[in-house]
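Right, one structure below, let's go through it.
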Amino acid sequence: MYAALMTGLSDAGEFDPQRQRNINDYVLRQGLAGLYVGGSSGESGLLTVDELLAQQELVVAHAAGSGTTLIAHVGMPNLRDSVRLARQAEKLGYHALSALPPHSYPFSDEEVFAYYQALAAATDLPLIVYEIPLRTGRPLPLALLVRLLDLANVVGIKYTSTDLFKYSLLRKRQPQKLFYYGFDEIYAAAGMLGTEGGIGTTYNLLGKLYVAVDRAVRAGDLGRARALQMVSQDFVEALLETGVLPGMKAAFRVIGVDCGPTRAPMALAVADAEARMREVLARPAVREWLA
Numbered sequence: 344m345y346a347a348l349m350t351g352l353s354d355a356g357e358f359d360p361q362r363q364r365n366i367n368d369y370v371l372r373q374g375l376a377g378l379y380v381g382g383s384s385g386e387s388g389l390l391t392v393d394e395l396l397a398q399q400e401l402v403v404a405h406a407a408g409s410g411t412t413l414i415a416h417v418g419m420p421n422l423r424d425s426v427r428l429a430r431q432a433e434k435l436g437y438h439a440l441s442a443l444p445p446h447s448y449p450f451s452d453e454e455v456f457a458y459y460q461a462l463a464a465a466t467d468l469p470l471i472v473y474e475i476p477l478r479t480g481r482p483l484p485l486a487l488l489v490r491l492l493d494l495a496n497v498v499g500i501k502y503t504s505t506d507l508f509k510y511s512l513l514r515k516r517q518p519q520k521l522f523y524y525g526f527d528e529i530y531a532a533a534g535m536l537g538t539e540g541g542i543g544t545t546y547n548l549l550g551k552l553y554v555a556v557d558r559a560v561r562a563g564d565l566g567r568a569r570a571l572q573m574v575s576q577d578f579v580e581a582l583l584e585t586g587v588l589p590g591m592k593a594a595f596r597v598i599g600v601d602c603g604p605t606r607a608p609m610a611l612a613v614a615d616a617e618a619r620m621r622e623v624l625a626r627p628a629v630r631e632w633l634a
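Counting from 344, one number per residue, gives the positions in the sequence shown under this note's numbering.
This is how it looks when you write it as structure tokens:
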């Protein structure tokens, strides 16, 4: 189970090393397998490549000696920036790479395939491809996902889609690959279909909860898995009302973790976000999972 690591920003919206360390300190106490650095949860679509490079460097230094597995997300809209991020991650000692498909334009299946083919060849690190229609604007066809998982160096997929039938078909066609599920609030459903783990935003705050959900699924304790997943769902439901990433940062502020704002134009959807987060975090079923 991996936290899709969030990013610390200054009040002016610049990358802030100390606020990044504040986030790291909290997340590293969650008992998770590792960190997924520089992804959508880290506002990567709003950061510069230089900021993402700086974040990579800071996180690997901060996590040194902790036994934390580090996955660098390097999926930029263009291949050149993705390769630049990937090559630095390899030099820094990251354990694996992951990447969104090329986005910002309606790229063809062959353009998506060529992107991953080149990225997989750019380093010796294992690569986790990514299905996330929410970010790319379209689901990748099953046949294309099968081809991508056949590429050299590609060891698995982060699957962030509610199409669990396609997920099952893909697992059936690629049983030797690693599957990580990306929707926190229904992780147990994917877990019942077989998954190596999850990578999620709310793991930053409630990582211990998701570790427990995963253990319950693997133990076949469906009642406990369902009950724990409902705790996650109650939190996510409240979060959706505030805006996911701005709400997560409001929740961190409530528990005393100084992480800064989100980068404009991303903003809170409601004026009373901290009050809402304070109420949901005070619920006993949620509070017991805070680190």
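Cβ atoms here follow ideal geometry from the backbone N, Cα and C, with glycine treated the same way.
Please tell me whether residue i and residue j are closer than 8 Å, where the distance is taken between their beta carbons.
| i | j | result |
| --- | --- | --- |
| Leu488 | Ile500 | yes |
| Tyr379 | Ile529 | no |
| Arg362 | Gly603 | yes |
| Tyr546 | Met344 | yes |
| Phe578 | Val613 | no |
| Val455 | Pro445 | yes |
| Thr466 | Leu435 | no |
| Ala616 | Gly590 | yes |
| Leu356 | Ala594 | For the sequence presented, residue 356 should be read as Gly rather than Leu. Their beta carbons are not under 8 Å apart, which means Gly356 does not touch Ala594 by this criterion. |
| Leu492 | Lys520 | yes |
| Ala442 | Gly418 | yes |
| Gly377 | Leu422 | no |
| Arg516 | Leu536 | no |
To the nearest angstrom, how far is it from the Cα of residue i to the Cα of residue j?
| i | j | result |
| --- | --- | --- |
| Ser425 | Asp506 | 27 Å |
| Arg569 | Arg561 | 13 Å |
| Arg621 | Pro518 | 43 Å |
| Leu477 | Phe522 | 18 Å |
| Leu396 | Gly382 | 12 Å |
| Leu565 | Thr538 | 15 Å |
| Leu571 | Ala555 | 8 Å |
| Arg284 | Lys509 | Here the chain covers residues 344 to 634 and nothing more, so residue 284 does not appear. |
| Gln398 | Asp527 | 24 Å |
| Val597 | Arg490 | 45 Å |
| Ser447 | Thr479 | 8 Å |
| Glu474 | Leu389 | 20 Å |
| Val574 | Ala625 | 12 Å |
| Arg567 | Gln576 | 14 Å |
| Phe450 | Ser504 | 19 Å |
| Glu580 | Gly540 | 22 Å |
| Ala457 | Ala404 | 33 Å |
| Ala347 | Ala406 | 15 Å |
| Pro627 | Val392 | 41 Å |
| His416 | Val623 | 30 Å |
| Glu584 | Gly525 | 20 Å |
So, for residue i: in the same chain, excluding its five sequence neighbours on each side, which residues have a beta-carbon less than 8 Å away from its beta-carbon?
| i | result |
| --- | --- |
| Leu588 | Met349, Ser384, Glu386, Thr544, Thr605 and Met609 |
| Lys592 | Met349, Cys602, Gly603, Pro604 and Thr605 |
| Gly374 | Gly550, Lys551 and Val554 |
| Phe358 | Thr350, Gly351, Leu352, Leu390, Glu394, Ala397 and Gln398 |
| Val498 | Ala439, Pro469, Leu470, Ile471, Lys520 and Leu521 |
| Gly354 | The sequence shown places Asp at residue 354, rather than the Gly named in the question. The residues are Gly603 and Pro604. |
To which residues of the same chain is residue i closer than 6 Å at the C-beta, ignoring the five residues directly before and after it?
| i | result |
| --- | --- |
| Leu401 | Pro360 and Gln363 |
| Gly534 | Val560 |
| Arg557 | Checking the sequence shown, residue 557 turns out to be Asp, not Arg. Correct list, in chain order: Met344. |
| Leu582 | Gly590 |
| Gly586 | Leu611 and Ala612 |
| Trp632 | Leu549, Lys551 and Leu552 |
Spatial neighbours of residue i within its chain, please: C-beta separation below 7 Å, excluding the five flanking residues on both sides.
| i | result |
| --- | --- |
| Asp452 | Pro484 and Leu487 |
| Leu494 | Tyr459, Gln460 and Ala463 |
| Arg372 | Ala634 |
| Pro420 | Pro445, His446 and Ser447 |
| Ala532 | Leu507 |
According to the neighbour-count rule (16 or more other Cβ atoms, all chains shown, within 10 Å of its Cβ), is residue i buried or exposed?
| i | result |
| --- | --- |
| Gly408 | exposed |
| His438 | exposed |
| Glu394 | buried |
| Gly563 | exposed |
| Gly688 | Any question about residue 688 goes unanswered here, given that the chain covers just 344 to 634. |
Step through the CB atoms of chain D and report whether any lies within less than 8 Å of the CB of residue i.
| i | result |
| --- | --- |
| Leu536 | You won't find chain D in this structure, because it holds only one protein chain. |
Check your understanding: Is the stretch 368 to 377 touching the stretch 429 to 436 in the sense that three or more CB pairs, one from each, lie closer than 8 Å?
Key -> No: the two stretches stay apart, fewer than three of their Cβ pairs being nearer than 8 Å.
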